[in-house]
Amino acid sequence: MILSEMPVIEVKNLSHTYLPGTPLEVVSLKNVNLQLFKNETVGIIGPAGSGKSTLLHHLNGLLRPMHGDVQIKGISVSGWSGDIRVMRQKIGLVFQNPENQLFKQYAGDDVAFGPRNMNLSQKEVRKRVRNAMKMVGLPFSYKDRLTAGLSLGEKRRLALAGVLAMEPQVLVLDEPTASLDPEGRRELLGILSGWRSEGEKAIVIASHNMEDIVDLSSRVYVLVSGKILLHGATREVFSHYDLLVQNSLSVPAAAEVVFKLARRGYSVSTDVLNIEEAAREIKGLFHA
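Numbering (our numbering), first residue to last: 22 to 309.
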C-alpha cells in the first residue's frame with residue numbers, strides 16, 4: 022500500500038447535525054477527516070452514539086455532506102450532479118443486522134435486486150448472482166430457497182452477496198459480526214479478507230468487537246463524540262490503553278490481560294494484539 026497515491030475515499034472536515042435549528046438538534050460529526058486507500062482495511066471504533074454509523078452513511082452518499090466533503094476517487098459527493106446511485110455502486114454499504122434488509126421471497130431474487138437495477142442483461146445478472154453466492158460460500162442452488170427459511174448466518178451471507186453482486190470497489194460494514202457465533206464470525210471475516218485480496222479493493226469496518234478490528238484492519242480511527250480522537254496503525258492505536266478505557270472503549274482481550282499483568286509489576290511487553298502474542302509474553306514469565 023502506497024499512501025502517497027490518491028485515496029479511494031477521502032473525508033474532509035465533515036460535520037453533520039440531525040434536525041438542525043430545532044429543539045431536537047443533535048450534532049453527530051465534527052470536522053472529521055479520514056482516508057482510505059486501495060488494498061487496505063480501515064477500522065472505526067467508538068462508544069455508542071459516537072457518530073460511527075453517520076460517518077459510514079456518508080461514505081456511499083446515503084447521507085450528503087452538510088459541511089465539509091466526501092470524495093470518491095477525487096470526485097466530490099457534494100458537487101456530484103449525476104445520479105447518486107452511480108457512486109453508491111462503487112461503495113457497497115452493509116448495514117448492521119443486514120439480514121433485516123432481505124425483502125425478496127427467494128434468495129436468488131434478493132441477490133439479483135441490485136444488478137437488475139443497474140439495467141444489466143439477464144445473462145450478466147445471473148453471472149453476478151452465481152459469483153457473489155460463491156464468494157460468500159452459498160451454493161448456487163440456494164437461489165431457489167425461501168429467504169425466510171435461512172439461518173442467521175446464511176441470511177448474513179446472502180445480504181453480503183447482494184452487495185458483492187454489484188461489484189463495488191469498497192465495502193463499508195457496520196458491526197458485521199454482531200450476533201454471530203464464533204464459527205460464523207471466523208467464516209465471515211475469512212470471506213471479507215478473501216474478497217479484499219482479489220484486485221484493488223478496500224474495506225471500512227466499524228465494530229465494537231476489537232478482535233474484528235485487529236483481525237482485519239491495518240489502520241484504525243477512534244471516534245468519540247463525533248470527533249476523531251486518535252488514528253494510526255492498529256498496533257499503535259491499541260497501545261493507548263488508558264486513553265481508550267477513559268473513553269468507554271476497550272482493547273482486544275489478549276492485550277488487556279497483558280496490560281493488567283504489566284500494571285501488577287510483571288515484566289511483559291504490552292505491544293500485544295492477539296492470543297499468540299499474549300501467550301508468548303506469559304510463557305516468558307516462567308522462563309525468566
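Virtual Cβ for every residue (Gly too), placed ideally from N, Cα, C.
Just so you know, these numbers come straight off a predicted model, no measurement behind them.
| Check | Outcome |
| --- | --- |
| In chain order, what residues of the same chain lie with their CB nearer than 8 Å to the CB of leucine 244, ignoring the 5 residues before and after it? | Val53, Ile65, Ile66, Gly67, Ser71, Gly72, Lys73, Leu76 and Leu250 |
| Closest to leucine 294 by C-alpha separation, out of Glu61, Arg256 and Leu84, would be which residue? | Arg256 |
| Nearest-angstrom Cα distance between glycine 211 and valine 47? | 37 Å |
| Give the secondary structure of isoleucine 23 by DSSP, where H, G and I count as helix, E and B as strand, and everything else as coil. | Because the pLDDT of isoleucine 23 is 46, which lies under 50, any placement of that residue in the model is unreliable, and the number read from its coordinates should be weighed accordingly. Here isoleucine 23 sits in coil by DSSP. |
| How many angstroms separate the CA atom of isoleucine 23 from the CA atom of histidine 261? | For isoleucine 23, the predicted model reports a pLDDT of 46, less than 50, meaning its position is unreliable and no value from the coordinates is stated. |
| Check the C-beta distance from proline 119 over to alanine 180 and give it rounded, since I have them as a contact under 8 Å. | 4 Å |
| Our contact map puts alanine 153 next to valine 191 with C-beta atoms below 8 Å; I'd like the distance itself, whole angstroms only. | Incorrect: roughly 16 Å between the Cβ atoms, too far for contact. |
| Does the stretch 183-203 come within contact of the stretch 150-165, defined as at least 3 CB pairs closer than 8 Å? | yes |
| Between the alpha carbons of isoleucine 93 and alanine 133, how many angstroms are there, rounded? | 25 Å |
| Checking 7 Å against the spacing of the C-beta atoms, do asparagine 81 and isoleucine 112 come in under that value? | yes |
| Specify the secondary structure class of threonine 38 as computed by DSSP and reduced to three states. | strand |
| Taking the C-alpha atoms as reference points, what is the distance between aspartate 263 and leucine 83? | 35 Å |
| Ignoring anything shorter than 3 residues or poking outside the stretch 89-128, list the beta strand (DSSP E) runs there in chain order. | 112-115 |
| Short check: CB of threonine 62 to CB of leucine 123, under 7 Å? | no |
| Relative to the C-alpha of isoleucine 234, which candidate in Arg284, Ser271, Leu306 and Gln267 has its C-alpha closest? | Ser271 |
| Taking its Cβ as the centre, do 16 or more other Cβ atoms sit within 10 Å of glutamate 196, making it buried, or is it exposed? | buried |
| What would DSSP say about leucine 192, mapped onto helix, strand or coil? | strand |
| In this structure, how does DSSP classify tyrosine 287 when only helix, strand and coil are distinguished? | coil |
| Would you kindly report the start and end of the unbroken alpha helix (DSSP H) that includes lysine 222? | Unbroken run through lysine 222: none, as it is neither H nor E. |
| DSSP on glycine 247, reduced to helix/strand/coil? | coil |
| Going by beta carbon distance, what residues of the same chain come within less than 7 Å of proline 189, once the five residues before and after it are set aside? | Gln110, Lys111, Ile112 and Gly113 |
| Does histidine 79 pass the burial test, meaning 16 or more other C-beta atoms within 10 Å, or should it be called exposed? | buried |
| Do methionine 187 and glycine 95 have their CB atoms nearer than 7 Å? | no |
| What are the start and end residues of the alpha helix (DSSP H) that includes leucine 80? | 73-80 |
| Which class does leucine 84 belong to by DSSP, given the choice of helix, strand or coil? | coil |
| Using the rule of at least 16 other Cβ atoms within 10 Å of the residue's Cβ for burial, across every protein chain shown, is tyrosine 39 buried or exposed? | exposed |
| According to the neighbour-count rule (16 or more other Cβ atoms, all chains shown, within 10 Å of its Cβ), is glutamate 221 buried or exposed? | exposed |
| Would you kindly check if the distance between the Cβ of arginine 206 and the Cβ of threonine 198 is under 7 Å? | yes |
| Report back the beta-carbon spacing between glutamate 302 and valine 279 to the nearest angstrom; my notes put them in contact at under 8 Å. | 5 Å |
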